[in-house]
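FYI, in the working numbering the residues of the sequence shown are 527 to 707.
Using N, Cα and C, we set each Cβ at its ideal position, and we do this for glycine too.
This one's a predicted model, so the numbers in the text were calculated from it and none came from an experiment.
As structure tokens, the structure follows; a few thoughts come after it.
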Amino acid sequence: MSESASPPLDHARYLRETLRLAEESVRLGSAPVGAVLVNRNGNIVARGRNRTGERQTAERVGGAPVAHAEMDLLFQVGELRDPGSLTLYSSLEPCLMCGGACALQGIGRVVWATDDPWGGSGRLLAWEHHPAMQHTDVVRCPDAALEREGARLFAPEARRAFPEEGWQLWQRRYPEETAGL
């Protein structure tokens, strides 16, 4: 963890907000992922949500494979001041692109509600061993009820978007949440 990382925050509060944003993404035709950036005082300084299924506008990237919730949030804030004191919360484990962007920005802590056994960055690398990510404190699924809620929300997207191998990983990791899909 970086020296300037913020003290423990109420993870559940912020993860609930990411899940609310994920639900909003679904209503607007995108994948169910939301993210918030929180400063050391516990204030949400930016919100992002997946926009891959929406039109791009002058204000928002959209309709592109890079229009993930974390990228939406990072594009909004631009240059970060004291990034080591910030916590990025996501409803789903960040992919390699989003996890890498958090590391490159120097964000002090990344917390997610739900593991992504197929598309999550942890499938391919251990954050704590990667040189660019060693100063990022990673908190995986700190609230079991919110983890299940996030898995139920994302499971239909995992079934639709991932190859059979990815779907099988989701079924093994979240058998109850994927049942019947």
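Item checked: Exposed unless 16 or more other CB atoms sit within 10 angstroms - verdict on E654 -> It is exposed - the Cβ of E654 has fewer than 16 other Cβ atoms within 10 Å.
Item checked: G676 - DSSP class collapsed to helix/strand/coil -> G676: helix per DSSP, three-state reduction.
Next item on the list: Look up W644 in the DSSP assignment and say whether it is helix, strand or coil.
Entry: coil
Next item on the list: Give the DSSP-derived three-state secondary structure of A705 in the structure shown.
Entry: coil
Next item on the list: List the residues that DSSP assigns as beta-bridge partners of W638.
Entry: Answer is S616 and R666, bridged to W638.
Item checked: Reduced DSSP category for A561 - H, G, I as helix; E, B as strand; rest coil -> strand
Item checked: Whether S647 touches P609 by CB criterion (7 angstroms) -> no
Checklist line | Minimum length 3: unbroken beta strand (DSSP E) runs contained in the segment 557-609 | finding: 560-564 and 570-575
Checklist line | Three-state secondary structure assigned by DSSP to P682 | finding: helix
Next item on the list: Taking 7 angstroms as the cut-off, decide whether the C-beta atoms of R542 and S556 are in contact.
Entry: no
Check: Got a sec, what are the start and stop residues for the alpha helix (DSSP H) L541 sits in?
Finding: H537 to R553
Note to self: Measuring CB atoms only, is the segment 634-648 touching the segment 672-691, in the sense that at least three cross pairs come out at less than 8 angstroms?
What the structure shows: yes
Item checked: Proximity test, Cβ basis, 7 angstroms: N569 and chain B -> In the displayed structure, chain B is absent; only one protein chain is listed.
Margin query: Using a Cβ-based criterion (distance less than 6 angstroms to any ligand heavy atom), does H594 qualify as near the ligand PLP?
Written below: You won't find the ligand PLP in this model; it holds no ligand whatsoever.
Next item on the list: Within its chain, find whatever has a CB closer than 7 angstroms to the CB of L554; leave out the 5 residues flanking it on each side and keep chain order.
Entry: E580
Note to self: Among the candidates P657, L650 and S616, whose CA atom is the shortest distance from the CA of G632?
What the structure shows: Restricting attention to P657, L650 and S616, the CA atom closest to the CA of G632 is found in P657.
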